Structure formats: structure tokens, C-alpha cells
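Take a look at the structure below.
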Amino acid sequence: MSKVVHYPTEPQIEDISQRLLREAVPNPSPVLEDLVRRGFEQKLAELYEMFQQGECSLGYLAEQLDISSWEAVRLLEARGLHTTNL
19 MSKVVHYPTE PQIEDISQRL LREAVPNPSP VLEDLVRRGF EQKLAELYEM
69 FQQGECSLGY LAEQLDISSW EAVRLLEARG LHTTNL
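This is how it looks when you write it as C-alpha cells:
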């Protein structure tokens, strides 16, 4: 039997990924929850890199993650990341 390894995450990422997953799947397995969380974190990292290079706006970053711009700001601030790319 396979074992699910959980990586520590920030509460905000956990909350957002859980909400997005439960909108699509009412009772997801722990493995699926872990995959969605990791995918969300990876997508956030990719979009943040684009944002810092001026290739996308904060609004676009939020839209691609299916969160509000306010949630994006709080998420970035909680990680100690810049919320402007100027």
C-alpha cells in the first residue's frame, strides 16, 4: 500500500487548494488533495516568476489561480513576496 507524504504548507495555500478541489470533487482522496496542493504551489511559483519579470499582471496571476486579486495579495504577502513588479 502506498503512503501519502505530506509537505508542510502555508494555511492559505491549504485553504485555497482545498476550496478549489472541493468545488470539483465532493470527497477527494488524500492523494488527490496533495496533488492539487502541489500543483497550486507550482503554478503560483511559475506565475510569480512571470509577474516579477513584468510578463503578467497581479490580476492575471490571480485569475489563473482562480482566486481574487485580494487573495493573491494576501498569499504573496504571507510568503514575504512583493506584490508589485515595478
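Here our numbering runs 18 ahead of the position in the sequence shown, where the first position is 1. Don't be surprised by glycine CBs; every beta carbon is placed ideally from N, CA and C. Only a predicted model underlies this, so the values are computations on that prediction, with no experimental measurement involved.
What residue from 64, 85, 68, 46 has the CA that sits closest to residue 103's CA? Answer by Cα proximity: 68.
Residue 80 classed as buried or exposed, judged by whether at least 16 other C-beta atoms fall within 10 angstroms: Around the CB of residue 80, 16 or more other CB atoms lie within 10 Å, so the residue is classed as buried.
Is the separation between the beta-carbon of residue 46 and that of residue 38 shorter than 7 Å? For residue 46 and residue 38, no; Cβs fall outside 7 Å.
Beta-carbon separation of residue 30 and residue 93 under 7 Å? Cβ atoms of residue 30 and residue 93: closer than 7 Å.
If you measure between the beta carbons of residue 90 and residue 76, is that distance less than 7 Å? Yes. Within cutoff.
Ends of the alpha helix (DSSP H) at residue 54? Run containing residue 54: 48-70, per the alpha helix (DSSP H) assignment.
Alpha carbon to alpha carbon, how far is residue 62 from residue 83? Give it in angstroms, no decimals. Each residue's CA atom was taken as its position, placing residue 83 and residue 62 some 7 Å apart.
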